[in-house]
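Under UniProt numbering, read the sequence shown as residues 1 to 393, first letter to last.
Let me begin by presenting the structure, written as structure tokens, before commenting on it.
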Amino acid sequence: MTLNNINIKRANLEDYGSGSYLASDVTVLLDIVEKDAVADVPVNQKEALIQSGQRHYSDMLTLEDAPSAMHEQLYTQALAQGAIRAAADIADLAYTLHHVFQTNVNDEHPLILVSLVRAGLPIGVLLQRALSDPNSGYTLPSVHYGISIIRDRGLDPLALQMLLEAYPNSPIVFVDGWTGKGAIYQELARSLEAFSDPDHRNFANIFHQGTDAIPLLTLADPAGVAWLAASEEDWLIPSGLLNSTVSGLISRSLYTEPQSGLHRSVFYDNLVEADHSLTFIDHIDATRRNLTKAPQCLPMFKQPRYQTADLIDKLAAEYDITNRNRIKPTIAEATRAILRRDPERILLATANHPDTILLRHLCAQRSITISVLGDKILPYQAITLIKQRTKDH
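This is the structure we're talking about:
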């Protein structure tokens, strides 16, 4: 379906909320639905339905519980361990955006940060705070939105169209937390193909870095697909350890046909007492403001390098996996997969890396096999292989 034949009444951007973030931090373009309106499917059943092709993962949820005390403790450790690095990375990204866009954005035509829900949300909020900081030396007029992207189904076209209509003269930068295999990058690239003709009226909004650059920004880019990233390392990004309780209490997004409205999400109001979303932002932002090291301009890339594509191919062959969606690389993705999916085994680069403590704890708790493979899986520190429930297709 193309945007041209979506003909439903669009609400004003102001009609949407910000999850548990401040309204000045982000506007999340999702239709929030009640938890009891969503199919709450147990993990094992969900895995079988996904792998058999009976249901798409974006048609159902396993509702989240509050993190355990051990999980909370490991998140706190990760935050203590990674706050300065995260803050410095945000400063470098904001400084680079300032360098790139300072001459062609202004208060009337700001830079549009579009975070990909959910992992992009904390990073986008931190960038919005950094670009709004009058004492930083890299201020830039910007506004921040969150929109859904779903594997196999793309970017929410209605949400994107709302932004293009509201900001017809503004460049858009898409924000995610990290890259794993590069699957979300490919989904984003496919979703933006419709705008790639230089005669398209929104070409300049999207392809402001040229037709060979999808403007995706991430904190970490081991896959080698982002236009701009703070590093290519797989490291323990603290926000990668939690789900909704560091992402504005918003669930993973659920698909909606474009003619019926925006993609949907559940707001976990039952997890308010466990929510770290704002305290995480405040902590990293305060750390950024207290940095003594000057920010640096980061390199930018046009065509993706796909640095880990061969590695993924080798692992798929070795473990007889034809459905690449069963391979979840990076510490963050491997950890989330253990919490949300049904894993068969975990591959680690080293047995006792401090960044994989939570991962190893969860494996011990659930008797999941760990294979230590050394340099063979670098640059990834960890990869989860999802259990095969049905024949791959």
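Even glycine gets a Cβ: it sits at the ideal position worked out from N, Cα and C.
These numbers come from a predicted model, not from an experiment.
Inter-residue distance for A229 and L79 is about 20 Å (C-alpha atoms, whole angstroms). Contact check between the region 234 to 251 and the region 369 to 384: three or more CB pairs, one atom from each, fall below 8 Å, which counts as touching. Listed in chain order, the non-local C-beta contacts of T96 below 7 Å within the same chain comprise L228, C297, L298, local neighbours out to five positions each way being set aside.
Under DSSP, M300 shares a beta bridge with L228.
Sequence-distant Cβ neighbours of N169 in its own chain, meaning closer than 6 Å and more than five residues away, are H109. A straight-line Cα-Cα distance of about 34 Å links A332 and A166.
Runs of the beta strand (DSSP E) spanning 3 or more residues and lying entirely within the UniProt domain "PELOTA RNA-binding" (308 to 388) occur at 327 to 329, 343 to 348, 369 to 372, 382 to 386, in chain order. Within the same chain, and ignoring the five residues on either side of G19 in sequence, the residues whose Cβ sits closer than 6 Å to its Cβ are V28, G248, L249, I250. The count of Cβ pairs closer than 8 Å, one atom from the region 208 to 219 and one from the region 259 to 266, stays below three, leaving the stretches out of contact. When the beta-carbon positions are compared, H144 and V26 come within less than 7 Å of each other.
Taken through DSSP and simplified to helix, strand or coil, I184 comes out as helix. Using a Cβ distance threshold of 7 Å, R340 and Y255 do not count as a contacting pair. Taking one beta carbon from each stretch, the region 111 to 124 and the region 266 to 275 have fewer than 3 pairs nearer than 8 Å; the two do not touch.
Of the candidates N352, T62, A183, A183 places its Cα closest to the Cα of T308. Here F203 is not bridged, per DSSP, to any residue.
Counting only the Cα atoms, T76 lies some 20 Å from A337.
Taking 3 residues as the minimum length, the beta strand (DSSP E) runs contained wholly in the region 72 to 120 are 111 to 117, in order along the chain. Annotation: the continuous beta strand (DSSP E) that includes H144 extends over 142 to 150. When beta bridges are read from the DSSP output, F267 appears opposite I250.
For D176, no alpha helix (DSSP H) segment is defined; the enclosing uninterrupted segment is the beta strand (DSSP E) at 172 to 178. Residues S58, Y255 of the same chain have their beta carbon placed closer than 6 Å to that of I150, with the five preceding and five following residues left out of the count. Residue nearest to T179 within the set S231, N202, N44, H71 is S231 (criterion: CA-CA distance). Just so you know, the alpha carbons of D197 and R289 end up roughly 41 Å apart. Taking the Cα of L385 as reference, the smallest distance to any Cα among N205, D15, E344 is reached at E344. Between the C-alpha atoms of Y16 and A159 there is a straight-line separation of about 11 Å. Spatial neighbours of I84 in its own chain (CB-CB distance under 7 Å, excluding positions within 5 residues in sequence) are listed in chain order as T287.
Under the three-state reduction of DSSP, D282 is assigned to helix.
Annotation for A220: the continuous beta strand (DSSP E) segment containing it runs 216 to 220.
Nearest to L188 by C-alpha distance, out of V225, S371, L163, N202, is V225.
For Q161, the enclosing alpha helix (DSSP H) covers residues 157 to 166.
Between the beta-carbon of L241 and that of T330 there is about 12 Å, and that puts the pair past the 8 Å contact cut. Nearest in C-alpha terms to A91, of all of D156, Y268, S136, Q102, is S136.
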